[in-house]
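Some notes on the structure that comes next.
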């Protein structure tokens, strides 16, 4: 009697060189999926090389399964993703699931550019997905969004929440909100589209490895230069999750869940105090942390243009008074015997230490 390995769906992935997309690719390959990855570039050899370089950064068994990775030239901002007719025919015949991870995540990007990728790129993906669903073997689309679509909403924001009359602090938040609107439209056309809203994603939980040195890391560098005597972070909380944990949660939810059109929050139940992050960073880097004050006590009107710009580039550019809730997602994951650990001081210190050392060239 022979043992047959279970069939693993063939996946079409966008954003394969990005932080979250590259880690998902690592998991797909390690779990024996065949993956077609979309990547911009003039030659497929160049784009393939970039993707393999990122996989080499993460390391692990995925490197032995590169044969299951097919890289296709394309661009989410173009009609039909800029794919050739033969490539579109191939994908229509082979793709069983789409993971749409491609996005501009930089908070400073102007609206025209970010909307072209995050909003119109999503529409282009879903248009092709609808065609592949009708004519091919596509069963499901997985859309990577963000927990920060809540904007300036001040109360608890859970998986079932969407429009709360919120306004947005950044073009990124608004673009991802608008992309979810498009997802809802295509659900009504018959597509099965699950949405994943990661929170603030940091390095690996066991090694600290990351190549995304934004947000939290920029915040600590801001504090290090000591140009602020105080910061409006008192009673402020953020949701932090290591890249390996959130991606494993996404992978497991996609594999196990059979309910259509779900929204997931793949991050811990417990939020992390910004003061706690600041104190850990101060010890690791070596600086005197600024005083934590309420926003009403922060001298906003007296900020210099440089100070204002620096604040807008960090974690402080998002609303950290909202309690983003992940109970539905965590309850489901625990049924699958997977627990997302809360971000404790040990894990956070390890992750921050890796990034600090990388910044110092160690």
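In our numbering, the protein residues as written are 476 to 837. Just so it is clear, CB atoms sit at the ideal spot from N, CA and C, and this is done for glycine as well. These figures come from a predicted structure and were not determined experimentally.
In the three-state reduction of the DSSP assignment, residue 726 falls in the helix class.
No Cβ-Cβ contact shorter than 9 angstroms links residue 483 with residue 501. Leaving aside the five residues that flank residue 699 on each side, the residues in its chain whose CB is nearer than 7 angstroms to its CB run, in chain order, 760, 762. In the three-state scheme derived from DSSP, where H, G and I count as helix and E and B as strand, residue 798 is classed as strand.
The Cβ neighbour count for residue 774, taken over all protein chains shown within 10 Å, is under 16; the residue is labelled exposed. In its chain, beyond the 5 residues on either side, 496, 576, 577, 578 have a beta carbon closer than 7 angstroms to the beta carbon of residue 490. In this model, residue 724 and residue 521 are separated by some 31 angstroms (Cα to Cα). Residues 591, 592, 595, 596, 599 of the same chain have their beta carbon placed closer than 8 angstroms to that of residue 552, with the five preceding and five following residues left out of the count.
For a cut-off of 8 angstroms, the C-beta gap from residue 811 to residue 727 is around 6 angstroms, short enough to register as a contact. Around residue 532, the same chain offers 686 as residues with beta carbons nearer than 7 angstroms, after the five sequence neighbours per side are excluded.
Short of 7 angstroms from the beta carbon of residue 721, and not among the five residues preceding or following it, lie these beta carbons of its own chain, in chain order: 673, 676, 741, 742. Residue 638 carries a coil assignment under DSSP once its states are collapsed to helix, strand and coil.
Looking from the CA of residue 818, the closest CA among 739, 658, 746 belongs to 746. Less than 9 angstroms separates the beta-carbon of residue 753 from that of residue 694. The C-alpha of residue 670 is placed about 19 angstroms away from the C-alpha of residue 589. Going by C-alpha positions, residue 481 is about 10 angstroms away from residue 507.
Residue 749 and residue 610 have their alpha carbons spaced roughly 50 angstroms apart. Here residue 710 is exposed. Its C-beta has fewer than 16 other C-beta atoms within 10 Å.
In the DSSP assignment, residue 747 forms a beta bridge with 713. Residues of the same chain with a CB within less than 8 angstroms of the CB of residue 516, apart from the 5 flanking positions on each side, are 522, 525, 548 in chain order.
Under the DSSP definition of a beta bridge, residue 548 partners with 514.
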